[in-house]
Amino acid sequence: MNLLKKPFGLTLQALLWVMIFGCLLAHPFTNATSSPPGDKRDYVLIINSYNESSSWGWEIITDITARIEQIENLEVYVEHMNTLLMDQQSDLDNFRTNLSREYGKNPPRMLIYIGAPAFIMRDFAEKEWGKGIPSIICAEEDFIGPDKYYVSKRAIPHSERIPLRELSGEYNLTLLYAPIYLEQTIELMRRMIPEMNRLVFVRDGRYINQQYEDELRKLLDTDYPGMRFTSYKASNMSVDQLLDSLNVTDTRHTGVLFSSWHYTRNIAGNTEITANPFKIIASSTAPLFALWPSSVKNSGVVGGFTYDVSVYNRQIIKTFNTILEGRQPRDIPFYTPTDAHPTFNYPAMLRNKISPEICPPDSVFIDKPETFAERNRTAIILCGGFFLLFILFQQWRIRVMRKVEAARRRESESQIKYANLFNRMPIIYIQERVIFDEKHYPADTEFSDINAYFERTFLPRNQVVGKRGSELFADSFSEFLRLVNIVLTENRTVTYPFYYKPLDIFFEVILSRSYLTDHIDIFCLDGTALHKAQQKLDSINHKLSLALDVANIVPWKCDLNNGTILCDINKPVKAASGEAILQNEASLSVSDECYFSKIHKEDRDRIRQAYDDLIAGRTDKVCEEYRVISNESGHWHMEWVEALAAVESFDAQGRPKTLVGTSQVITERKRMEQELLSARDRAEESNRLKTAFLANMSHEIRTPLNAIVGFSGILASTDEEQEKQEYVSIIENNNALLLQLIGDILDLSKIEAGTLDFIHTDFDLNELMREKENVIRMKVREGVELLFEQKYEQCSVCTDRNRLSQVIINLLTNAAKFTQTGSIRFGYEMRGRELYFWVSDTGSGIPADKTEQVFERFVKLNTFKQGTGLGLSICKMIVEHLGGRIGVESEEGKGSKFWFILPYVPGKAAAQRTEEQYPVISVEKDKLVILIAEDNDSNYRLFESILRKEYTLLHAWNGQEAVEIYRQRRPHLVLMDINMPVMNGYEAAAEIRKLSDSVPIIAVTAFAFASDEQKVLKSGFDGYMAKPINALQLRTQIVDMLRKHVVLL
1 MNLLKKPFGL TLQALLWVMI FGCLLAHPFT NATSSPPGDK RDYVLIINSY NESSSWGWEI
61 ITDITARIEQ IENLEVYVEH MNTLLMDQQS DLDNFRTNLS REYGKNPPRM LIYIGAPAFI
121 MRDFAEKEWG KGIPSIICAE EDFIGPDKYY VSKRAIPHSE RIPLRELSGE YNLTLLYAPI
181 YLEQTIELMR RMIPEMNRLV FVRDGRYINQ QYEDELRKLL DTDYPGMRFT SYKASNMSVD
241 QLLDSLNVTD TRHTGVLFSS WHYTRNIAGN TEITANPFKI IASSTAPLFA LWPSSVKNSG
301 VVGGFTYDVS VYNRQIIKTF NTILEGRQPR DIPFYTPTDA HPTFNYPAML RNKISPEICP
361 PDSVFIDKPE TFAERNRTAI ILCGGFFLLF ILFQQWRIRV MRKVEAARRR ESESQIKYAN
421 LFNRMPIIYI QERVIFDEKH YPADTEFSDI NAYFERTFLP RNQVVGKRGS ELFADSFSEF
481 LRLVNIVLTE NRTVTYPFYY KPLDIFFEVI LSRSYLTDHI DIFCLDGTAL HKAQQKLDSI
541 NHKLSLALDV ANIVPWKCDL NNGTILCDIN KPVKAASGEA ILQNEASLSV SDECYFSKIH
601 KEDRDRIRQA YDDLIAGRTD KVCEEYRVIS NESGHWHMEW VEALAAVESF DAQGRPKTLV
661 GTSQVITERK RMEQELLSAR DRAEESNRLK TAFLANMSHE IRTPLNAIVG FSGILASTDE
721 EQEKQEYVSI IENNNALLLQ LIGDILDLSK IEAGTLDFIH TDFDLNELMR EKENVIRMKV
781 REGVELLFEQ KYEQCSVCTD RNRLSQVIIN LLTNAAKFTQ TGSIRFGYEM RGRELYFWVS
841 DTGSGIPADK TEQVFERFVK LNTFKQGTGL GLSICKMIVE HLGGRIGVES EEGKGSKFWF
901 ILPYVPGKAA AQRTEEQYPV ISVEKDKLVI LIAEDNDSNY RLFESILRKE YTLLHAWNGQ
961 EAVEIYRQRR PHLVLMDINM PVMNGYEAAA EIRKLSDSVP IIAVTAFAFA SDEQKVLKSG
1021 FDGYMAKPIN ALQLRTQIVD MLRKHVVLL
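Quick note, in the UniProt record's numbering, the sequence shown goes up one by one and the last residue is 1049.
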């Protein structure tokens, strides 16, 4: 080749390109992105694996720098690793040292790595600036390897590759993968050079090219075993030598694949990297194919299989913005270009005599000249548009002309048809001129025209035309003129009936304004037959209506084509608005959607299906009952309706066209049916409950009774005191259980019978809760805290005090029974117009699947705990009778919370109570006298055994004897049995009160209902003791009563 040479061995052209690129490097951009000294505040650090002349990295740095310039108080610094100059580990260590010196401990907001080798700085960055710095990697590979391969420029074997995806979470990174499509590029070269049997790979000494060469060799060995491979390296030859080698290449059988050509030079004792002279290399006679997108555009390279680098760079900026907005890179999916295509430089193809026709169909051409159509696209579109408009105009003109001609033809035909119709139609037609008086009011008419049907009915034309209307039809002529005035002044049509008595004909007369001024058109229809048929039909309908009204049946007809139902829907069920509706067809016709919308939603689908089956022919008729929702006088209510339906008519295809049927209100009948069913169910349920109740009662009563009878027999034959005490304790426990069971059974029986008394009184709720706290405290195990959580200083309510006490005591007793340690808390709070009560404990809890069962009868989740299994069932019945509801929240092993809600009815606030003052007498302790009125000897023996050691006892066998003994002995306290012969307890108490109004009288009765207690306290008694007698409670109540009346000496 005849090229001018320079002292450095470069051609003049090559030297020119070096000088131009040097000027680019001297541009202020280099300073803007270099690492300035001084403090680094808020900044982004870019670490470039290559030097600043790398076109791929230069484009990325340019876009990021431009974006950061738009952000206030954010700077960007760029560090170029120049890995081509790093031949040993010390070079890499020096770079890290310089980086640490330059940036110190001030971490960047974000790290951007360009090229996979740059990511070997990850551990340094983590050590210097800490973990988690957001990082973006723009790499040609999706893996990383040990430092030694990047320093020695050797390919990384598969065994030592670490996928970047595995490091994403640890190093908070995301990857923008810039792949090289080796296999697709080789296939593209073979398509463009069909006889290619040799591949020349042009590359420099960077690590990435060594990796590509290694992969190329493996690809050729695997898929193209007959293809020879040659590698031209920048470290082994100069640009001139490369051009000489390429220019003598056999272009018919050889394909040249270009990657990059960076080489080092020693200038003034410094080793420098020279940029890609790819335009010089591309000027060779051999066509070059490139791996990189940037090598194809404006380079002279023929082409390659590449992605769109502009899309890739936009994705970098998008990812950059996303991270600035706060999203972590590890949460951003890795990006891989999806738009790779065969890409060609059109001028370079033509220069290398390669036809674009052989390119793949999806090829992208760069710098391809525009075709004639592309250059003149606007003019072609305008011309085409004008031509299309002209064609459309001509088509419109022809169509209009055809329509005009057709209109003329139709008009001629219609005139003929009108003349025939006018003369042959069975309707009388008259045209009359109106004659006005001086006030312009119709005074008379004059016949102007008639048709043939008028002549056949009345008079011939010559006797009518020109005559006055008042002459021919004098009857009702004044009414006729009034209607004519309405037609002319209001410009509307008037219809009215007219009976012509001479011919016994009924006419339907229609008056309308004529097209002639001051003329009217009159049409008369003979409706005689229709009128007479209507009279008969009215008579029949009247009779049928009476029959339907008596039976409360409404007939209806459904038009399936129009979807309307003709019926009086307001007769069985009032309209929702409650307004009266005129009885005409329009008012009686409703859409089928309106009809079905009034049906209860639970019945609607069933009724629709029944009608669908009828229409589809699956059944012959419909007979259904359903509910209808309506609104009468502003109140919604429900009616039951029975509907019967069948198909009335069919269309030409045999499909049902109309349905007929009837609707009948059967609400009263359904009510009676429901009452009968309910009565039957109640009888069956009562019988079942009675059987189950008797079986359970037999078991529950015999269980404690067995222990009482058994241990009573053993107690008589036992001598040891300890065993006796143990047996006595067992008998007492079973006595209590049996007593509780009997009380529960009595309450349950009264609830079942509906005779349980509920006596509402005013009382202080806090006082009641404190009383129950004191009662339960003795039943609570040692170590368990019992606490009433009082939220209000005073709360007076009006409800049944005894029943409320019964519920609270039952819930507290259960809590005490199942709580071994911890606490039992109870209380109440106001929630609007309701009172919310709760009892919570830290006991054994209830399994989740058993919480609903605890309120059923005879349910005992722990059979080893004492109880009847009726308490919660009674609580539920009492709460519901009081208008409330009850429930439980529990977690097994952690405790339970029973709650119930009652309506809040405020009671009258109790006045400040003062302790009632009784006359106090002084008595020596051993001289206290108690009168016991009891007609049963065994019961008296029980009182005697409990009280004889502390008091002097007097015994009366009936009420009358008790009054006499009191009058004679004046005892300090009276125990009065209610049911006694001669005189009962109430009568005896009344007589004693006549003698003394201060002596304490305690009633003793076997009746244990709340109503009995109320009656006792209102009958002059001071206290109440229910049988069976509890010795401790009896002693306590006697002591309390005596303290109020007696001072012991």
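Each residue gets a CB set at the ideal place from its N, CA and C atoms; glycine is no exception.
On a predicted model such as this, the values are computed, not experimentally measured, just so you know.
Just to confirm my understanding: we take residue i, look at its own chain, exclude 5 residues before and 5 after, and list those with CB closer than 7 angstroms. What are they?
i	result
Gln912	Residue confidence for Gln912 is low, a pLDDT of 45 falling below 50, so the modelled location carries little weight; the figure read from the coordinates is stated next. Nothing listed; no residue qualifies.
Ser996	none
Leu1034	Ile946 and Met1025
Pro847	Glu892
Lys353	none
Ala178	Cys138, Ala139, Glu140 and Tyr312
Ala989	Met976, Ile1001, Ser1019, Gly1020 and Phe1021
Beta carbon of residue i, beta carbon of residue j: below 8 angstroms?
i	j	result
Thr489	Leu511	no
Lys557	Thr658	yes
Gly255	Ala234	no
Arg781	Gln820	yes
Glu215	Leu167	no
Arg801	Thr761	yes
Leu257	Phe229	no
Tyr595	Ile565	yes
Cys359	Phe344	yes
Phe900	Arg885	yes
Thr495	Val509	yes
Ala118	Asn209	no
Quick one: what's residue i bridged to in DSSP?
i	result
Lys557	Leu566 and Val660
Glu272	Arg265
Tyr77	Leu45
Trp640	Arg627
Lys621	Ala646
Glu829	Tyr836
residue 1051	Look at the range of the chain in this structure, 1 to 1049, and you will see that residue 1051 is not part of it.
Ile136	Ile112 and Thr174
Pro179	The partner list for Pro179 (beta bridge, DSSP) is empty, contrary to what the question assumes.
Val775	For Val775, which the question treats as bridged, DSSP gives no partner whatsoever.
Asp449	Gln431
Please find out if some non-hydrogen atom of the ligand ADP comes closer than 7 angstroms to the beta-carbon of residue i.
i	result
Asp1040	You won't find the ligand ADP in this model; it holds no ligand whatsoever.
Looking only at its own chain, which residues have a Cβ that is under 8 angstroms from the Cβ of residue i, when we skip the five neighbours before and after it?
i	result
Lys601	none
Cys393	In the sequence as presented, Cys is not what sits at residue 393; that position holds Phe. So no residue of the chain qualifies.
Phe650	Pro656 and Lys657
Val854	Ile846, Leu861, Leu872 and Val888
Leu24	Bear in mind that a pLDDT of 42 at Leu24, under 50, signals an unreliable position, so the number given afterwards is only what the model happens to contain. Here the set comprises nothing.
By Cβ distance, which residues of its chain are closer than 6 angstroms to residue i, with the 5 residues on each side in sequence left out?
i	result
Leu975	Ile932, Ile1002 and Val1004
Trp636	none
Asn1030	none
Gln1037	Gly1023
(request) Assess, as a yes-or-no matter, whether the segment 827-841 is touched by the segment 782-798 under the definition of 3 or more beta carbon pairs within less than 8 angstroms. (result) Contact between the segment 782-798 and the segment 827-841 is present, because at least three Cβ pairs lie under 8 angstroms.
(message) Suppose only complete runs of 4+ residues qualify. What are the alpha helix (DSSP H) ranges in the UniProt domain "Response regulatory" (929-1042), listed by chain order?
(response) Secondary structure in the UniProt domain "Response regulatory" (929-1042): the alpha helix (DSSP H) runs of 4 residues or longer, each lying completely within the stretch, are 937-947, 959-969, 985-995 and 1010-1018 in chain order.
(message) Below 8 angstroms, how does it come out for the segment 125-135 and the segment 189-197: are there three or more Cβ pairs, yes or no?
(response) Verdict: no, contact absent.
(request) Output the residue ranges of the beta strand (DSSP E) runs that lie fully inside the segment 200-275 and measure 3 residues or longer, sorted by chain position. (result) For the segment 200-275, the continuous beta strand (DSSP E) assignments of 3+ residues that do not extend past its boundaries occur at 228-233, 254-258, 263-267 and 270-274, in sequence order.
(request) Please list the segments of the beta strand (DSSP E) lying wholly inside the segment 364-447, counting only runs of 3 or more residues, in order along the chain. (result) Positions of the beta strand (DSSP E) runs, each at least 3 residues long and wholly inside the segment 364-447, are given as 364-366 and 428-436 in order along the chain.
(request) Go through the segment 831-904 residue by residue and report every complete run of the alpha helix (DSSP H) that reaches 4 residues or more, in order. (result) Listed in chain order, they are 871-881.
(request) Pick out the complete beta strand (DSSP E) segments inside the segment 455-530, 3 residues or longer, and give them in chain order. (result) At a cut-off of 3 residues, the continuous stretches assigned as beta strand (DSSP E) that sit fully inside the segment 455-530 are 494-500, 505-513 and 519-526.
(request) Please list the segments of the beta strand (DSSP E) lying wholly inside the segment 277-354, counting only runs of 3 or more residues, in order along the chain. (result) Counting only runs of 3 or more, we get 288-290, 303-306 and 341-345.
(message) Check whether the segment 511-530 and the segment 626-645 are in contact - that is, three or more C-beta pairs closer than 8 angstroms.
(response) They do not touch, by the three-pair rule.
(message) Just to confirm the assignment: which complete beta strand (DSSP E) runs, minimum length 3, are found wholly within the segment 785-816?
(response) If we require 3 residues or more, the beta strand (DSSP E) runs fully inside the segment 785-816 come out as 796-800.
(message) Whether or not the segment 86-93 and the segment 260-271 are in contact is what I'm after, with contact meaning three or more pairs of Cβ atoms, one per stretch, closer than 8 angstroms; do they touch?
(response) Flag = no, the segment 260-271 and the segment 86-93 do not touch.
(message) Below 8 angstroms, how does it come out for the segment 311-329 and the segment 363-380: are there three or more Cβ pairs, yes or no?
(response) No, the segment 311-329 does not touch the segment 363-380.
(request) For the segment 330-343 and the segment 375-383, state whether three or more C-beta atom pairs, one from each stretch, are separated by less than 8 angstroms. (result) Using a Cβ-Cβ distance cut-off of 8 angstroms, the segment 330-343 and the segment 375-383 are not in contact, since fewer than three pairs of beta carbons, one from each stretch, lie closer than that value.
(request) Inspect the CB distances between the segment 761-774 and the segment 808-819 and report whether three or more fall short of 8 angstroms. (result) Judged by Cβ distances under 8 angstroms, the segment 761-774 makes contact with the segment 808-819, as three or more pairs qualify.
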